[in-house]
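*Asks:* Using the working numbering, the first residue of the sequence shown is number 1, and each one after it goes up by one. In this text, a Cβ means the ideal position worked out from N, Cα and C, and glycines have one as well. Remember, predicted model here, so these are calculated numbers, not experimental data.
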Amino acid sequence: MKKHWLVKQEPEAYSWTDFVRDGLTSWTGVRNFLARKNLRAMRKGDAVFFYHSVSEKAVVGIAKVTREAYPDPTAEEGDWSAVDLKPVRVLKKAVTLAQIKAEPKLRDMALLRCSRLSVQPLTAAEFELICRL
């Protein structure tokens, strides 16, 4: 069964535009145990929101997992993982953090409960609702 995720990235470091230009990226550099667990739970074909953090605070596009968890090549030590993602489509209109906070049906979303977590699970209902906002 397909799962849904949200990954966060500062647009000044790697934006949606960069991602689309590249056509594919390895999601590396995650150094949080819960985020690593989430990376390892991702499956090929899972849907992933691309969230611009810090300066924009908005979901800007949808990607999909093209390669499941493998050892992170950027890790100099430790047992860290990466996945490969491919852009699917930009959202017609970015969905801001303020919009997400204003929607009562999203009050339990990981983005609002664990705001610093860089790789987060979403329910199918959360994913579909954000796509409609």
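Quick one: what's got a C-beta closer than 7 Å to V54's C-beta in the same chain, skipping five residues either side?
*Replies:* Answer for V54: E10, listed in chain order.
*Asks:* Excluding the 5 residues preceding and the 5 following M109 in the sequence, name in chain order all residues of the same chain whose CB lies nearer than 6 Å to its CB.
*Replies:* Closer than 6 Å at Cβ, skipping near neighbours: E126.
*Asks:* Which whole-angstrom value is the C-beta distance of D84 and L122, which I expect to be below 8 Å?
*Replies:* With 8 Å as the limit, D84 and L122 do not qualify as a contact, their Cβ atoms being about 19 Å apart.
*Asks:* Counting C-beta neighbours from all protein chains within 10 Å, is the total for V88 16 or more, i.e. buried, or is it exposed?
*Replies:* When all chains shown are included, V88 counts as exposed.
*Asks:* Give me the Cα-Cα distance between R113 and I62, rounded to the nearest whole angstrom.
*Replies:* In a straight line, the C-alpha of R113 is about 22 Å away from that of I62.
*Asks:* If you compare alpha carbons, which of K2, V119, K8, I130 is closest to S81?
*Replies:* Measuring from the Cα of S81, the nearest candidate turns out to be V119.
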